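Read top to bottom, the protein sequences are chains A and B.
Residues in the first sequence are numbered from 322 upward in steps of one, following the working numbering.
Residues in the second sequence are numbered from 322 upward in steps of one, following the working numbering.
Reading through the structure tokens given below for one structure.
There are 2 protein chains.
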Amino acid sequence: MSKSASTQPSAKPSSQSSGVAAPAFRPLYEQIKSLIMQSLAAGEWKPGEAIPSEFELATRYGVSQGTVRKAVDALAGEFILVRRQGKGTFVATHTAPAHQYRFLRMRADGEPADSARHHPVTTFIGLTRERADALAAAKLRLRQGQSVIKISRVLVFAGRPIILDEITLAQASFPGLTIEMLEASQGSIYSFLETTYGARMIRADEAIKAVAADRFAAKHLEVPVGTPLLSVDRVAYTYGDKPVEWRRGRCVTDGYSYINELA
Amino acid sequence: MSKSASTQPSAKPSSQSSGVAAPAFRPLYEQIKSLIMQSLAAGEWKPGEAIPSEFELATRYGVSQGTVRKAVDALAGEFILVRRQGKGTFVATHTAPAHQYRFLRMRADGEPADSARHHPVTTFIGLTRERADALAAAKLRLRQGQSVIKISRVLVFAGRPIILDEITLAQASFPGLTIEMLEASQGSIYSFLETTYGARMIRADEAIKAVAADRFAAKHLEVPVGTPLLSVDRVAYTYGDKPVEWRRGRCVTDGYSYINELA
DNA sequence: GAGTGGTCTAGACCACACC
DNA sequence: GTGTGGTCTAGACCACTCT
Numbered sequence: 322m323s324k325s326a327s328t329q330p331s332a333k334p335s336s337q338s339s340g341v342a343a344p345a346f347r348p349l350y351e352q353i354k355s356l357i358m359q360s361l362a363a364g365e366w367k368p369g370e371a372i373p374s375e376f377e378l379a380t381r382y383g384v385s386q387g388t389v390r391k392a393v394d395a396l397a398g399e400f401i402l403v404r405r406q407g408k409g410t411f412v413a414t415h416t417a418p419a420h421q422y423r424f425l426r427m428r429a430d431g432e433p434a435d436s437a438r439h440h441p442v443t444t445f446i447g448l449t450r451e452r453a454d455a456l457a458a459a460k461l462r463l464r465q466g467q468s469v470i471k472i473s474r475v476l477v478f479a480g481r482p483i484i485l486d487e488i489t490l491a492q493a494s495f496p497g498l499t500i501e502m503l504e505a506s507q508g509s510i511y512s513f514l515e516t517t518y519g520a521r522m523i524r525a526d527e528a529i530k531a532v533a534a535d536r537f538a539a540k541h542l543e544v545p546v547g548t549p550l551l552s553v554d555r556v557a558y559t560y561g562d563k564p565v566e567w568r569r570g571r572c573v574t575d576g577y578s579y580i581n582e583l584a
Numbered sequence: 322m323s324k325s326a327s328t329q330p331s332a333k334p335s336s337q338s339s340g341v342a343a344p345a346f347r348p349l350y351e352q353i354k355s356l357i358m359q360s361l362a363a364g365e366w367k368p369g370e371a372i373p374s375e376f377e378l379a380t381r382y383g384v385s386q387g388t389v390r391k392a393v394d395a396l397a398g399e400f401i402l403v404r405r406q407g408k409g410t411f412v413a414t415h416t417a418p419a420h421q422y423r424f425l426r427m428r429a430d431g432e433p434a435d436s437a438r439h440h441p442v443t444t445f446i447g448l449t450r451e452r453a454d455a456l457a458a459a460k461l462r463l464r465q466g467q468s469v470i471k472i473s474r475v476l477v478f479a480g481r482p483i484i485l486d487e488i489t490l491a492q493a494s495f496p497g498l499t500i501e502m503l504e505a506s507q508g509s510i511y512s513f514l515e516t517t518y519g520a521r522m523i524r525a526d527e528a529i530k531a532v533a534a535d536r537f538a539a540k541h542l543e544v545p546v547g548t549p550l551l552s553v554d555r556v557a558y559t560y561g562d563k564p565v566e567w568r569r570g571r572c573v574t575d576g577y578s579y580i581n582e583l584a
């Protein structure tokens, strides 16, 4: 984008009167943000790696450093990039100890939200290959009947089983996945999927209900059948809002709570 | 702050070696942000009103418009201010229809998170004055035994009672509050407290558990005793992180879910 | 047209990390 | 010291709202 007479190199309104709601105007930094996202999605810079400096990116895209900065700021705000003063800007990763359990909201009661808490221990129960039912297909945007992988596991906090997860993944996205690989891996499942399959979880939606423990949950969580449990449904997304993982967690809330901050 | 020789008017590091972790450096825009917060807390600009333009504030504080902008951006990001292009920057309010139920996370299943959903109807059960027990005192940072107001109510969605709330407020902050005033008010309780007492809720922390319905909850939510319910504990804060409200909600999750977005 | 927020640029200097 | 991100400024112009 060469600087002609104007200071505004590109991004013309071009007020086209298409049938419905015209986007009207797209700021330059939004476009830069999209370009960076594309490079990220294409794997040009891998998780944990540094991306080029702001000045390099500014030259590359033909905009000022300030505009790149605004784009990077936005991505850092979404935890897609991480800035480190004096060092550079890095692709965020679930592998870093501090972000291992980024999406885990269960906390021991009385434990501050930001504390460097002790991490849970994972016990895998099983891994099966099935055909997607209507629910799983809808959540993962697959066709019903497509192959999926179902993983069952228990998360143990301080010696107590607290969370029972049933995780569903599209078979096509994670070929060759075995329970042995999961058992051999350290840390969170997102860390594993990231390093092994390059599947980066960007964000997730959750819907929470209260349910009574069924036989299966009661057995693995070591509580009586009928005990009220938190049921946490989650869909996790990668780049481009593509759903990758669908899970249902059952959580014991005796001594533990799901914590959330509202703003 | 006059522009002397340097471009950096104030905010000197002044690396004092006090006993513990020195703040080291405080950006100008952070200081401006604090000043704006002070004016907000002091009621200089009331909820719904416009604050001075960025240029006016820049002159007032002796900084550039860009620095004011950064401070205002931060406050807008926390929903403390609201920007409206072409019109001005306004003090956020719980009274506006779009933000009436800003902290309410229960949604009918299948309803998109951002939908202009139909609002709940509130039925007040009772209002009593009591002495703070240990729990309430801790949550509201009061001394045990200080006077508190306890409000019970039910939120009805589409004709069904879904949420039973028990709300605790410090008596001292809300003198003269009666159930008649609540019943006469329209919309959310935060909207009411804001317009009547000038108490603005800025943010809130929640801790969620699954519990079995007791007799009281079963009666008002029209479910059998023992039905699993979501128990949502909330502490809401005003300016200066002062806790103002402590509530415990019990929610029916048949057809409704607590929704949350993780990033 | 006037006023307000929104975008973009260019350049200076500060803070931090690594050599 | 060099390079990176972080802050601050000054000025130009765009987009939106109201009069």
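The beta-carbon is built from N, C-alpha and C at its ideal position, and this holds for glycine as well.
Computed from a predicted model, the values in this text were never measured in an experiment.
| Check | Outcome |
| --- | --- |
| Check whether leucine 551 of chain B and isoleucine 500 of chain B have beta carbons under 9 Å apart | no |
| Per-residue burial, proline 348 of chain A [other beta carbons within 10 Å of its own, 16 or more giving buried] | exposed |
| DSSP state of tyrosine 560 of chain B mapped onto helix, strand, coil | helix |
| Boundaries (first-last residue) of the alpha helix (DSSP H) holding serine 360 of chain A | 349–362 |
| Opposing strand residues paired with proline 482 of chain A [DSSP bridges] | A/Val477 |
| Glutamine 406 of chain B CB to nearest heavy atom of the ligand HEM below 8 Å | The ligand content of the structure shown is nil, which means the ligand HEM is not present either. |
| Test: lysine 354 of chain B CB closer than 9 Å to a CB of chain A | no |
| Alpha-carbon to alpha-carbon, arginine 450 of chain B and isoleucine 580 of chain B | 33 Å |
| Exposed unless 16 or more other CB atoms sit within 10 angstroms - verdict on glycine 387 of chain B | exposed |
| Buried or exposed by the 16-neighbour rule on C-beta atoms within 10 Å, applied to alanine 342 of chain A | Residue placement at alanine 342 of chain A cannot be trusted, given a pLDDT of 48 that sits under 50; what the coordinates show is reported in the next sentence. Exposed, because fewer than 16 other Cβ atoms sit within 10 Å of the Cβ of alanine 342 of chain A. |
| Length at least 3, wholly inside the stretch 419–469 of chain A: the beta strand (DSSP E) runs in chain order | 427–429 and 442–452 |
| Buried or exposed (CB count within 10 angstroms, at least 16 for buried), leucine 485 of chain A | buried |
| Element boundaries [beta strand (DSSP E), containing threonine 410 of chain B] | 409–412 |
| Integer-rounded CB distance, given that valine 403 of chain B should sit under 8 Å from tryptophan 266 of chain B | Only positions 322 to 584 of chain B appear in the structure, and residue 266 of chain B is not among them; the question remains open. |
| Whole runs of the alpha helix (DSSP H) within the stretch 485–573 of chain A, excluding any shorter than 4 residues | 500–505, 510–518 and 536–542 |
| Inter-residue spacing [alpha-carbon to alpha-carbon] between isoleucine 372 of chain B and histidine 415 of chain A | 41 Å |
| Coil, strand or helix - leucine 583 of chain A by DSSP | strand |
| Local conformation of tyrosine 577 of chain A per DSSP, three classes | strand |
| Where the beta strand (DSSP E) containing valine 403 of chain B begins and where it ends | 402–405 |
| Cβ-Cβ distance between isoleucine 523 of chain B and tyrosine 560 of chain B below 9 Å | yes |
| Min CB distance alanine 342 of chain A to chain B below 9 Å | Model confidence at alanine 342 of chain A stands at a pLDDT of 48, short of 50, so the residue's coordinates are unreliable; what they give is reported in the following sentence. Cβ-Cβ to chain B under 9 Å: no for alanine 342 of chain A. |
| Cutoff 9 Å: serine 385 of chain A Cβ touching any chain B Cβ | no |
| Residues of its chain near serine 512 of chain B, where Cβ-Cβ distance is below 7 Å and the 5 sequence neighbours each way are ignored | His415, Thr416 and Gln421 |
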